[in-house]
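Numbering-wise, my numbering puts 828 at position 833 of the sequence shown, and it's gapless, one number per residue.
Don't be surprised by glycine CBs; every beta carbon is placed ideally from N, CA and C.
Please read all numbers here as calculations on a predicted model, not as lab measurements.
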Amino acid sequence: MQWDGYDENLNTIRTYQVCNVFEPSQNNWLLTTFIDRRGAQRIYVEIRFTVRDCSSIPNVPGSCKETFNLYYYETDSVIATKGTAFWMEAPYLKVDTIAADESFSQVDFGGRLMKVNTEVRSFGPLSKNGFYLAFQDYGACMSLLSVRVFFKKCPSVVQNFAIFPETMTGAESTSLVIARGICIPNSEEVDVPIKLYCNGDGEWMVPIGSCTCKAGFEPDNGNSQCVITCPPGTFKSTQGPSLCLQCPPNSRSTAEAATICVCRNGYYRGDGDQPDEPCTSVPSSPRNVISIVNETSVILEWHSPRETGGRDDVVYNIVCKKCRADRRSCSHCDDNVDFVTRQLGLTETRVFISNLLAHTLYSFEIQAVNGVSNKSPYPAQHVTIDITTNQAAPSIVPIMHQISSTMNSFTLSWPQPEQPNGIILDYELRYYEKDHAEINSTVLRSQTNTARVEGLRPGTVYVVQVRARTVAGFGKYSSKMCFQTLTDADDNTHLREQLPLIAGSAAAGVVFIVSLIAISIVCRRGESTLIIIYIDPFTYEDPNEAVREFAKEIDVSTVKIEEVIGAGEFGEVYKGRLKLPGKREIYVAIKTLKAGYVEKQRRDFLSEASIMGQFDHPNIIRLEGVVTKSRPVMIVTEFMENGALDSFLRQNDGQFTVIQLVGMLRGISAGMKYLSEMNYVHRDLAARNILVNSNLVCKVSDFGLSRYLQEDTSDPSYTSSLGGKIPVRWTAPEAIAYRKFTSASDVWSYGIVMWEVMSYGERPYWDMSNQDVINAIEQDYRLPPPMDCPSALHQLMLDCWQKDRNVRPRFADIVSTLDKMIRNPTSLKAVANIPAVDLLRIGVTLAGHQKKILSNVQSMRVQMIQLEGLA
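Now the structure itself:
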């Protein structure tokens, strides 16, 4: 019934009371009027009430209660009217049983209690136009003082020069609702899409994309508008928060909102010049050129121009022309003329030019150019010098040919040098037996470009060189070439028959050399260390050979399958037992290949065994063997009692100490250190691919992704990227963008695993889309520390997430860092602060219900609806 009573401050208020505690089978109801939900998906109810302690009422029966129930009913229209049966028969949905934190046992002179309880409950999702609230009393002595119904929303905000509209929160307290932003006037997009996430408490978080002021516009003091334009004589060339600048030297602007200042006449901007750099001009010509001629080469030297045009990028070009002796005509030099260091873009004031023709007139034009010379309508400033080359020795004979051969001689021929530099007088040959020293060579002269070399030994290989001579002297000897005299005809035939065998031996040698790459010997100070390197099974011509080499064949009779524990990519996964001869029986995990497979599936399935079989480390899953000679085909590994790490952590939320968690991370890093030293890149390091045994030892598993990136998979953790499937949330940005998988990209993934462990299996980046994750990472967003995460561990995560992969720690460094933390537990006491914009969702138990709370939040902004007219 309604009652005029008092609140805790003795103010008169209208209350609803019931206190029929002496009457049995109480079922009292109070129903609100229809409440429009106004588009909200989740509703919050704040109840202020009092409850009398049953023990304080004399002779109270055992049916006295100190709680009441809250219900709601969702509907599209008003249906509850007086005289209807809606009160008791409507299909209400229960929100909660409400209990008082404090009950009262005495009353004041007005007969009203002085202790008030306040409880807040929420319910949703809602989809109809509105709802009713109902309060049910089973026999309590209570007063309902007030009921406030409200919903939460993120307010309209201007952030990063973008307007985000007022946004309702989602249906769940942990929901993230995407809001699209619109650039404010006179601004432009920098990154798209422009988004903010509205969390369940009405706070904005994880900004993605942004806008900035257009070129020619400045932001105001509050960085919320782009309205101030650049006056004449100033400019702003790019969008962004920068301010208008004065025009640089030799330029001007005559209108407002200029995006660039125009160069004055005779001044220019180079292609690489920025708008805030001065306009510059072309250089003057080089000065004081001198030349030094040496036969068919010349050295040119000069001084720098007096005027550089206001730039420091002056370089020099050499234009070479060959002229007639009477200077009536000139043509560009042949391509075989050499310029050292180069012909164009010289930074030094010196050039060496060679391979010119002898007794020839050349004209060299030395041009001075800078970064704006190509903008000027006038030719480059230059200086010209003419020189005439001297007589020179001939160039090298390019090649020799064997015309004929006998047991004691062979006849050779060769072409004339490309640059004889005069009349060839004769040629000189020198030759010696290949097995003898060059000092024992014999010299032979020939007037023509052929020569017969006689007096040789049968079946012997000789090294021969030739050079040409003019009046200027001998040129250089040609490169060394080998020629062989004959034996008798039978020996010659036998030699031809041996050629295929020689070729085959060479091929075998190549295979042997390649095999040595897998196992190398490093010698240092007289000691030898054997380094085992991982061998990709797909490099084998027959991958089955890799299985036979690295995986032990198990007799199927030694394997007993007991129960299904999961499903793999190729078939079922079982728990079973393995009893090998002479060994005790052990539990094992058994991966099977489903029936109807094709040969490629069998090869891909067994490739994981070929990989695992090469590893031997306590933190790498151990391969027991394979079954390939019977059906089904199996891979048998050690059994890990606690299964995958991510699900194990979620099932044991909050049950481990920090040192235990760090111990798990240390084991994972030790396994990855071993893999990196083996030159193996995992590519799919994630908590779901770490297995945990009964002693909490973590072992790296699942070595299939490196071969299955191109395969289609229904696992949502893997998303198409550049033609393949990639676990985006765990993958380094360079691996997503360029498929650059290295041990450093595995370190990035290890940082995500650290975050998964410290958050007890939370999903990285929550329910953000994969594309939003990629965009956020590109804009340097990094996951905040999980709740109660030591700051030292979060710093190690951030080190693993360095954008430059070269500065990320190595796994050896990570193992060392974690070892120091374990030896010095006090280093883990400082807890990292969680930024307000990164509201992490942390599961806790509160009043018998699973709820998500957000830590370190700023003041909550909510839209509240005041309940009117309680029926």
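When we look at the beta-carbon of Lys720 and count the other beta-carbons within 10 Å, is it buried (16 or more) or exposed?
The residue is buried, with at least 16 neighbouring Cβ atoms inside 10 Å.
Mind checking Lys147: buried by the 16 CB within 10 Å criterion, or exposed?
Classification for Lys147: buried.
Is the segment 566 to 575 touching the segment 538 to 558, taking contact as three or more C-beta pairs under 8 Å?
Cβ pair count under 8 Å is three or more, so yes.
Jot down the residue ranges of each uninterrupted alpha helix (DSSP H) in the segment 382 to 445, minimum 4 residues, whole runs only, in chain order.
You should have found no qualifying run.
Can you give the Cα-Cα distance for Val542 and Pro532, rounded to whole angstroms?
Approximately 8 Å, taken between the alpha carbons.
Tell me whether the beta-carbon of Gly620 lies closer than 8 Å to the beta-carbon of Lys586.
When the beta-carbon positions are compared, Gly620 and Lys586 stay at least 8 Å from each other.
Indicate the three-state DSSP secondary structure (helix, strand or coil) for Asn15 in the structure shown.
Annotated three-state conformation of Asn15 is coil, per DSSP.
Residue from Arg617, His612 and Glu594 whose Cα sits closest to the Cα of Ala604
Out of Arg617, His612 and Glu594, Arg617 has the C-alpha closest to the C-alpha of Ala604.
I need the straight-line Cα distance from Tyr472 to Val456, nearest angstrom please.
Our two residues, Tyr472 and Val456, have alpha carbons roughly 19 Å apart in a direct line.
In the DSSP assignment, the alpha helix (DSSP H) including Cys477 goes from what residue to what residue?
Cys477: not part of any alpha helix (DSSP H); member of the beta strand (DSSP E) spanning Met476 to Gln479, first to last residue.
Backbone CA spacing between Ser764 and Ser671 [nearest angstrom]:
Their Cα atoms are separated by approximately 31 Å.
What is the C-beta distance between Lys317 and Thr355, in whole angstroms, given that I count them as a contact (C-beta under 8 Å)?
Indeed, because the Cβ distance is near 6 Å, the residues count as touching under 8 Å.
Burial state of Glu492 (16 or more Cβ within 10 Å):
Legend: pLDDT at Glu492 = 39, less than 50; position of this residue unreliable, no value from coordinates given.
In terms of residues, what are the limits of the beta strand (DSSP E) holding Tyr127?
It spans Gly125 to Asp132 - the beta strand (DSSP E) in which Tyr127 sits, taken as one unbroken run.
Run through DSSP, which three-state label would Met163 get?
Collapsing the DSSP output to three states places Met163 in a strand.
Measure the Cβ-Cβ separation of Gln376 and Pro270 and say whether it is below 8 Å.
Remark: C-beta atoms of Gln376 and Pro270 do not approach each other more closely than 8 Å.
Given a threshold of 16 other Cβ atoms within 10 Å of its Cβ, counted over all protein chains shown, does Gln655 qualify as buried or as exposed?
With a threshold of 16 other beta carbon atoms within 10 Å, Gln655 falls short and is exposed.
By the three-class DSSP mapping on this structure, what secondary structure does Gly746 have?
Three-state DSSP puts Gly746 in a helix.
Count the other CB atoms, across all protein chains shown, that sit within 10 Å of the CB of Ile285; report buried if there are 16 or more and exposed otherwise.
By the 10 Å Cβ count, Ile285 comes out exposed.
Beta-carbon spacing of Tyr68, Ala129 below 8 Å
Cβ atoms of Tyr68 and Ala129: closer than 8 Å.
Are Glu729 and Ser740 touching if we call contact CB-CB under 8 Å?
Taking the C-beta atoms as reference points, Ser740 is found nearer than 8 Å to Glu729.
Given 8 Å as the limit, is there contact between the segment 580 to 596 and the segment 643 to 659, that is, 3 or more CB pairs closer than that?
With a cut-off of 8 Å, the segment 643 to 659 and the segment 580 to 596 do not count as touching, because too few Cβ pairs lie within range.
Output needed for Leu88: all residues of its chain with C-beta closer than 8 Å, excluding positions within five of it in sequence on either side, in chain order.
Same-chain partners within the cutoff: Tyr66, Tyr67, Tyr68, Glu69 and Phe118.
Which residues does DSSP list as the beta-bridge partners of Lys570?
In DSSP, Lys570 forms a bridge with Glu558 and Ala584.
Pro538 - DSSP class collapsed to helix/strand/coil:
Reduced to three states, the DSSP call for Pro538 is helix.
Nearest-angstrom Cβ-Cβ length linking Thr233 and Ala210, presumed shorter than 8 Å
With 8 Å as the limit, Thr233 and Ala210 qualify as a contact, their Cβ atoms being about 6 Å apart.
Cα-Cα separation, Pro868 to Asp215
Since the displayed the chain opens at -4 and closes at 866, residue 868 lies outside it and no answer follows.
Rounded straight-line distance, which links the Cα of Gln414 to that of Ile382
Between Ile382 and Gln414, the C-alpha separation is close to 19 Å.
Residues near Asp31 in its chain [Cβ-Cβ closer than 7 Å; skip 5 each side]:
Asn124 and Gly125, listed in sequence order.
Whole-angstrom distance between Tyr192 and Gly638, CA atom to CA atom:
CA-to-CA, the gap between Gly638 and Tyr192 works out to about 34 Å.
Ends of the alpha helix (DSSP H) at Pro728?
Pro728: member of the alpha helix (DSSP H) spanning Pro728 to Tyr733, first to last residue.
In chain order, what residues of the same chain have a beta carbon less than 6 Å from the beta carbon of Leu601, not counting five sequence neighbours either side?
Excluding residues within five positions, the ones whose Cβ falls inside 6 Å are Val542.
Check whether the Cβ atoms of Thr379 and Val288 sit closer than 8 Å, and answer yes or no.
No Cβ-Cβ contact shorter than 8 Å links Thr379 with Val288.
Below 7 Å CB to CB, which residues in the same chain sit around Tyr262 once its five sequence neighbours on both sides are set aside?
Cβ neighbours of Tyr262 beyond the five flanking positions: Asn245, Cys274, Thr275 and Ser276.
Locate the beta strand (DSSP E) running through His298, then write down its first and last residues.
Unbroken beta strand (DSSP E) run through His298: Ser292 to His298.
My guess is that Asp132 and Phe44 are in contact by the Cβ rule of under 8 Å, so how many angstroms apart are they, rounded?
About 11 Å separates the two Cβ atoms, so there is no contact after all.
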